[in-house]
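Notes for the one structure printed next.
Residue numbers (full-length UniProt numbering): 1 to 383.
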């Protein structure tokens, strides 16, 4: 199943053989036969190192396309089309998002055998963070400020989008457990429809372990969460999902990529996720002092310039940040336990991600970052 010549990003900043076989020339030729206007396939130019699917840039006789392939156990055609509709809405509202192409049958999510494919026009601009790991900080405050402003524009464009919640929990950044009055009961209730998550959790004292990690933060945040207007959000706002006009400090964002984690949540959830993804060097968690207050405040400053943040927003954001990853961590556990059947990876998702990230905020370095967010004030000023 694996290809030793192609490595993907691991969970600890390492590179590993892929869980999913890389896209082959023969495979993409068969797929793109359903897109005759693209002409013939010339070559597979580049394969993505992202580990949760297989993706590649493919050259055709009329230009490049980006192809991504999912296993049906992760995304059905129906599930994938949910992402495409949201991305299309944002593009219609002026957000730069690469177009997803329809095949000869008018379908953008194409099911073939055990796989589901999507074909995109190539992103515009420079993929500055192409090889960056998902838990690596932004390159500087200027890029952080630009990323924050673009996230605010995306949220404004999403306000009038109406669609049901995602039809899957697997590898989606939802927020139902986070938003519930009793997260432990919400997890318990979900296990009837999530057997792989249940299989993992029943081997440990999860109520005590998750409760200790989440309860103090959740008690502070739950009231504010309940008051937030719900809307669809990106769910994975890391700079590796953005393309840029160039690699310089003053670069502008030219395209927004990858709506695979998108779901019906709320704006401050997405903003907290952006800080967690871009302003904390989680791969170096053993060092303790991994928070980048300058990057966090720059993200907030950029966001505030487009969609002003109140003092109450900043207070809730600080309370939310230590637990914003809860639902997605559970979805990763479910994926590793039930799809790839990597109990070792599920352990990392549970111990290092779900519990470890929350625990870091209880220490002095985490507290300092949260205090900086609460004290940022409005208008936000980056020192």
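Note that beta-carbon positions come from the ideal geometry of N, C-alpha and C, so glycine has one too.
What you are looking at is a predicted structure, and each value in this text was computed from that prediction instead of being measured.
Helix or strand or just coil, what does DSSP make of residue i?
i	result
residue 20	coil
residue 210	helix
residue 191	coil
residue 217	helix
residue 135	coil
residue 255	strand
residue 69	strand
residue 357	helix
residue 224	helix
residue 8	With a pLDDT of 48 at residue 8, under the threshold of 50, the modelled position of this residue cannot be trusted; read the value that follows with caution. The answer is strand: DSSP assigns residue 8 an E or B state.
residue 118	strand
residue 237	coil
residue 56	strand
residue 331	helix
residue 130	coil
residue 323	helix
residue 42	strand
residue 363	coil
residue 64	strand
residue 245	coil
residue 352	helix
residue 231	strand
residue 198	helix
residue 291	strand
residue 87	helix
residue 342	coil
Using a Cβ-Cβ cutoff of less than 7 Å, which residues in the same chain neighbour residue i once the five nearest sequence positions on both sides are dropped?
i	result
residue 168	79
residue 41	25, 28, 29, 32, 58 and 60
residue 246	126
residue 358	213, 214, 217, 322 and 323
residue 271	151, 303 and 317
residue 186	176, 177 and 180
residue 369	291, 293 and 296
residue 250	142
Using 9 Å as the threshold, is the C-beta distance between residue i and residue j below it?
i	j	result
residue 385	residue 374	Past the boundaries of the shown model lies residue 385; the chain is included only from 1 to 383, so the question cannot be answered.
residue 316	residue 268	yes
residue 75	residue 20	no
residue 235	residue 172	yes
residue 37	residue 64	no
residue 163	residue 86	yes
residue 199	residue 39	no
residue 71	residue 114	yes
residue 194	residue 92	no
residue 159	residue 231	yes
Going by C-alpha distance, which of the options is nearest residue i?
i	options	result
residue 211	235, 177 and 313	177
residue 220	368, 63, 321 and 43	321
residue 343	184, 115, 201 and 361	201
residue 238	275, 229, 232 and 249	275
residue 281	51, 230 and 139	139
residue 277	293, 158 and 116	293
residue 106	84, 230, 279 and 327	84
residue 157	279, 88 and 371	88
residue 43	52, 66 and 166	66
residue 50	35, 117, 17 and 62	17
residue 306	71, 35, 103 and 155	155
residue 170	346, 368 and 372	346
residue 116	81, 92 and 90	81
residue 326	192, 34, 104 and 183	183
residue 35	100, 243 and 371	100
residue 336	56, 191, 196 and 90	196
residue 366	279, 229, 308 and 191	279
Note down, in chain order, each residue of its chain lying with its Cβ closer than 6 Å to the Cβ of residue i, except the 5 sequence neighbours on either side.
i	result
residue 332	349
residue 354	329
residue 265	175 and 233
residue 340	19
residue 179	225
residue 240	129 and 132
residue 381	The predicted model places residue 381 with a pLDDT of 47, which falls under 50 and marks its position as unreliable; any figure quoted below should be read in that light. Within the same chain, residue 381 has no close Cβ partners at all.
residue 372	293
residue 77	109, 111 and 116
residue 104	34
Using a Cβ-Cβ cutoff of less than 8 Å, which residues in the same chain neighbour residue i once the five nearest sequence positions on both sides are dropped?
i	result
residue 363	288
residue 112	30 and 31
Are the C-beta atoms of residue i and some chain B residue less than 9 Å apart?
i	result
residue 278	Chain labels in this structure do not include chain B; a single protein chain is all it has.
Segment contact flag, the segment 342-355 with the segment 249-263, C-beta cutoff 8 Å, min 3 pairs: no
Cβ contact (3+ pairs, closer than 8 Å) linking the segment 199-214 and the segment 145-161: no
Stretch-stretch touch, CB-based, cutoff 8 Å, three pairs: the segment 243-258 with the segment 91-110: Touching, yes, given that three or more Cβ pairs across the two stretches are closer than 8 Å.
Validate contact between the segment 114-121 and the segment 223-238 using beta carbons, cut 8 Å, 3 pairs: No: fewer than three Cβ pairs fall under 8 Å.
Three-pair Cβ contact test at 8 Å for the segment 292-311 versus the segment 130-146: Output reads yes: the segment 130-146 touches the segment 292-311.
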